[in-house]
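Visitor:
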Amino acid sequence: MTAIIPSQKSYKIETGNQFPPSIPRQGVKRSRYWYGPYEIRALNSSVKLGNGRSGDPGGTAWNYIGGDLPKDITILSANVSVVYADGSLIGTSNGLYNHHLLVVDLSKKPPTIATCPSGRGAEPPGLSMWAGSSEDKGGSMFTTDDGKFNSGYYVGKDDKVTMAGDIVNFTNEKKIVYTMIDIQYVEGKPEGHQEAVTQLWNVGQCEGEGKVGFDIPKPRPDQKKFALRSQNMTMVQDGTFLAFRGHLHEGGTEVIATLNGEEVCRSGAIYSGPSTTPGDQGALSAMQYCNKSIKVKKGDIMTLEANYDLELHPPRMQHGGGMAGEMGIMSIFFAAEPTKAN
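The sequence shown lines up with residues 0 to 341 when you count with numbering that gives the first Met the number 0.
Right, dumping it as structure tokens:
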């Protein structure tokens with residue numbers, strides 16, 4: 000798989016006193032890795048740019064192995080953004096829509112921490128992601144805010160890490176952007192640490208058989224306000240939920256997680272940016288975090304619910320016409336307890 004993905008060296012690396020770590024743990028380092036530049040095709044252009052496949056007919060996508068990223072480290076937090084040369088974030092206010100930007104460790108497989116009623120894993124297959132962003136910007140936390148919980152995402156010395164971006168331009172001017180990966184980490188693997196992961200749980204993950212995508216079924220034309228609920232997902236690992244953050248597209252209002260019938264996170268959508276859809280009250284710009292750590296054990300039951308109001312927040316229009324699809328995802332940051340020897 001990695002043989003066909005080209006490697007890209009960093010454009011620049013920023014570190015030192017200018018970017019002090021915010022996690023108060025001994026030995027923590029912080030670095031920012033820039034990649035690019037990437038040229039984003041204009042709205043009125045028919046010329047395909049980028050080496051990846053875009054989720055929008057007029058988008059620009061790329062996929063590269065991240066050269067120069069540190070290895071044999073334990074990541075405590077990670078944030079990935081698409082920025083201009085001056086470091087400012089792209090956004091609908093300046094004509095660009097971040098469909099997605101993912102940083103994935105291709106050398107690791109995501110663990111199954113919960114299963115559907117059919118026995119299938121609740122997580123999407125084959126995606127060990129340690130950073131990601133889209134129009135609803137956010138980072139990844141692999142420990143608690145105070146850094147006291149001994150957990151983190153370990154990147155091995157030979158791991159292959161890929162960066163996959165997809166950007167849509169709503170102006171008639173080509174844009175130049177960069178990937179910026181901001182990580183806080185410690186060298187090696189701390190003794191006794193719990194391995195932490197990001198999991199993307201979809202409200203429809205347990206529906207049907209076979210591969211399940213992230214997009215939810217399109218609602219009826221007359222269906223403007225609705226809710227989708229997942230089936231029960233049963234925990235198969237003991238551990239700790241470190242944080243939650245929902246992911247929606249324009250039209251979504253919140254994602255809710257429950258544990259054994261009790262609400263543990265209500266991640267609301269924040270609409271504040273200029274919309275790309277005429278008549279909309281604002282573009283989706285962020286999702287609320289739930290940062291309280293929660294212990295869980297095998298047999299606990301998790302459910303998700305996603306709510307939508309397409310009248311208040313019309314879906315984004317794609318290039319070439321048609322509404323963009325909706326999603327209902329909860330990003331779950333989880334640290335597994337070490338398996339006890341018999």
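We put the CB at the ideal spot given by N, CA and C, even for glycine.
(1) Just reading off the beta strand (DSSP E) that GLY327 is part of, what are its end residues?
(2) Could you give the distance in angstroms between the alpha-carbon of PRO116 and the alpha-carbon of MET232?
(3) Evaluate HIS98 with the Cβ neighbour count: other Cβ atoms within 10 Å of its Cβ, from every protein chain shown; 16 or more gives buried, anything less gives exposed.
(4) For the pair the segment 148-155 and the segment 26-43, tell me if three or more CB-CB distances fall below 8 Å.
(5) Give the straight-line distance between the Cα atoms of ALA334 and MET140, rounded to the nearest whole angstrom.
(6) Per DSSP, what kind of secondary structure is ILE74 in: helix, strand or coil?
(7) Tell me, please, which residues DSSP counts as bridged to ILE293.
(8) What does the Cβ neighbour count give for GLN204, buried or exposed, with the cut at 16 atoms within 10 Å?
(9) Would you check if the distance between the CB atom of ARG29 and the CB atom of PRO23 is smaller than 7 Å?
(10) On the premise that VAL81 lies in contact with VAL176, defined as a C-beta separation below 8 Å, what is that separation, rounded to the nearest angstrom?
(11) Which whole-angstrom value is the C-beta distance of LEU100 and SER76, which I expect to be below 8 Å?
(12) CA-CA distance, LYS8 and GLY191?
(13) Would you call the segment 48-62 in contact with the segment 182-196, where contact means no fewer than 3 C-beta pairs closer than 8 Å?
(14) Per DSSP, what kind of secondary structure is ILE22 in: helix, strand or coil?
(15) How many angstroms separate the CA atom of VAL27 from the CA atom of GLU310?
(16) Just the Cα atoms here: how many angstroms apart are SER284 and HIS248?
(17) Given that a residue counts as buried once 16 or more other Cβ atoms are within 10 Å of its Cβ, and exposed if not, what is LYS159?
(18) Work out the CA separation of ASP85 and LYS12 for me, nearest whole Å.
(19) For GLN230, collect the residues of the same chain with a Cβ closer than 8 Å to its Cβ; drop the 5 residues on either side in sequence, then sort them by chain order.
(20) If you follow the beta strand (DSSP E) that SER150 is part of, which residue opens it and which one closes it?
(21) ASP237 to GLY146, Cα distance in whole Å?
(22) Starting from the C-beta of ARG52, find all residues in its chain whose C-beta is less than 7 Å away, skip the five residues before and the five after it, and write them out in chain order.
(23) Return the residue from the list VAL295, ASP221 and VAL254 that minimises the CA-CA distance to THR239.
(24) Keeping to the same chain, check which residues put their C-beta closer than 6 Å to that of THR252; ignore five residues upstream and five downstream.
(25) Anyone know if the C-beta pair for PHE332 and ALA242 falls short of 7 Å?
(26) Is it buried or exposed for GLU261, if we count other Cβ within 10 angstroms and need 16 for buried?
(27) Is the distance from the Cβ of ALA130 to the Cβ of VAL102 below 7 Å?
(28) Using only alpha-carbon positions, find the residue among PRO220, MET286 and GLY298 that is nearest to PRO313.
(29) Looking only at its own chain, which residues have a Cβ that is under 6 Å from the Cβ of ALA195, when we skip the five neighbours before and after it?
(30) Please report the distance separating the alpha-carbon of PRO277 from that of GLY54.
(31) Am I right that ASN62 and THR197 are in contact with their C-beta atoms under 8 Å? What's the rounded C-beta distance?
(32) Rounded to whole angstroms, how far is the Cβ of SER6 from the Cβ of ILE64, which I believe are closer than 8 Å?
(33) Taking the DSSP output, what are the residues bridged to GLN183?
Guide: This is what the structure holds:
(1) Along the sequence shown, one-based indexing puts residue 327 at 328. Note, GLY327: beta strand (DSSP E), 327-335.
(2) The sequence position of residue 116 within the sequence shown is 117, counting from 1. The sequence position of residue 232 within the sequence shown is 233, counting from 1. If you take the alpha carbons of PRO116 and MET232, they lie about 7 Å apart.
(3) On the sequence shown, position 99 is the one that residue 98 refers to. Flag for HIS98 reads buried.
(4) By the Cβ criterion, the segment 148-155 is not in contact with the segment 26-43, since fewer than three pairs of Cβ atoms, one from each stretch, lie closer than 8 Å.
(5) Start at 1 with the first residue of the sequence shown, and residue 334 comes out as number 335. Start at 1 with the first residue of the sequence shown, and residue 140 comes out as number 141. The straight-line gap separating the alpha-carbon atoms of ALA334 and MET140 is approximately 10 Å.
(6) Along the sequence shown, read from residue 1 onward, the residue named residue 74 stands at position 75. The three-state secondary structure of ILE74, taken from DSSP, is strand.
(7) Reading the sequence shown from its first residue, position 294 is the one you call residue 293. PHE240, per the DSSP bridge assignment.
(8) To locate residue 204, count along the sequence shown from 1; it is residue 205. Buried is the label assigned to GLN204, since at least 16 other Cβ atoms lie within 10 Å of its Cβ.
(9) Position 30 of the sequence shown holds residue 29. Position 24 of the sequence shown holds residue 23. For ARG29 and PRO23, no; Cβs fall outside 7 Å.
(10) Walking along the sequence shown from the start, residue 176 turns up at place 177. Walking along the sequence shown from the start, residue 81 turns up at place 82. The Cβ separation is near 5 Å, so the contact holds.
(11) For the purposes of this step, residue 100 is taken as the residue at position 101 of the sequence shown. For the purposes of this step, residue 76 is taken as the residue at position 77 of the sequence shown. For a cut-off of 8 Å, the C-beta gap from LEU100 to SER76 is around 16 Å, too long to register as a contact.
(12) Here residue 8 is taken as the residue at index 9 of the sequence shown, counted from 1. Here residue 191 is taken as the residue at index 192 of the sequence shown, counted from 1. Answer to the nearest angstrom: the Cα atoms are 33 Å apart.
(13) Too few Cβ pairs lie closer than 8 Å, so no.
(14) Reading the sequence shown from its first residue, position 23 is the one you call residue 22. In the structure shown, ILE22 sits in coil (DSSP, three-state: anything other than H, G, I, E or B).
(15) Taking the sequence shown and counting its residues from 1, one reaches residue 27 at position 28. Taking the sequence shown and counting its residues from 1, one reaches residue 310 at position 311. VAL27 and GLU310: Cα-Cα distance of roughly 46 Å.
(16) Numbered from its first residue, the sequence shown carries residue 284 at position 285. Numbered from its first residue, the sequence shown carries residue 248 at position 249. Roughly 10 Å separates the two Cα atoms.
(17) Position 160 of the sequence shown, counted from the first residue, corresponds to residue 159. That one is buried.
(18) Residue numbering aside, residue 12 sits at position 13 when the sequence shown is read from its first letter. Residue numbering aside, residue 85 sits at position 86 when the sequence shown is read from its first letter. A small fix is needed here, since residue 12 is Ile in this sequence, not Lys. Taking the straight line from one Cα to the other gives about 14 Å.
(19) Locating residue 230 in the sequence shown gives position 231, where the first residue counts as 1. Correct list, in chain order: CYS115, PRO116, CYS205, GLU206 and THR302.
(20) Locating residue 150 in the sequence shown gives position 151, where the first residue counts as 1. Run containing SER150: 150-154, per the beta strand (DSSP E) assignment.
(21) Along the sequence shown, read from residue 1 onward, the residue named residue 237 stands at position 238. Along the sequence shown, read from residue 1 onward, the residue named residue 146 stands at position 147. Straight-line Cα distance between these residues: approximately 20 Å.
(22) By one-based count along the sequence shown, residue 52 stands at place 53. Around ARG52: ALA60.
(23) Looking up residue 239 in the sequence shown gives position 240. Out of VAL295, ASP221 and VAL254, the CA that lies nearest to the CA of THR239 is found in VAL295.
(24) As a position in the sequence shown, residue 252 is number 253, starting the count at 1. If the five residues before and after THR252 are omitted, its C-beta is found closer than 6 Å to the C-beta atoms of ALA268, ASN306 and ASP308, all from its own chain and listed in chain order.
(25) Within the sequence shown, numbered from 1, the residue matching residue 332 stands at position 333. Within the sequence shown, numbered from 1, the residue matching residue 242 stands at position 243. With contacts defined as CB atoms closer than 7 Å, PHE332 and ALA242 qualify as a contacting pair.
(26) Here residue 261 refers to the residue found at position 262 of the sequence shown. By the 10 Å Cβ count, GLU261 comes out exposed.
(27) In the sequence shown, residue 130 corresponds to position 131, counting from 1. In the sequence shown, residue 102 corresponds to position 103, counting from 1. Closer than 7 Å, so yes.
(28) For this step, residue 313 is matched to residue 314 along the sequence shown. That would be PRO220, whose Cα lies nearest to the Cα of PRO313.
(29) By one-based count along the sequence shown, residue 195 stands at place 196. Within the same chain, ALA195 has close Cβ partners PHE141, SER150, GLY151, TYR152 and ALA334.
(30) The residue you call residue 277 lines up with position 278 of the sequence shown. The residue you call residue 54 lines up with position 55 of the sequence shown. Per-residue confidence for PRO277 stands at a pLDDT of 48, beneath the threshold of 50, marking its modelled position as unreliable; no derived number is given.
(31) Here residue 62 refers to the residue found at position 63 when the sequence shown is read from its first residue. Here residue 197 refers to the residue found at position 198 when the sequence shown is read from its first residue. Distance from ASN62 to THR197 at the Cβ level is roughly 19 Å; contact not present, criterion being Cβ atoms closer than 8 Å.
(32) Residue numbering aside, residue 6 sits at position 7 when the sequence shown is read from its first letter. Residue numbering aside, residue 64 sits at position 65 when the sequence shown is read from its first letter. Yes, SER6 and ILE64 are in contact; Cβ-Cβ is about 4 Å, under 8 Å.
(33) Here residue 183 refers to the residue found at position 184 of the sequence shown. In DSSP, GLN183 forms a bridge with ARG29 and SER76.
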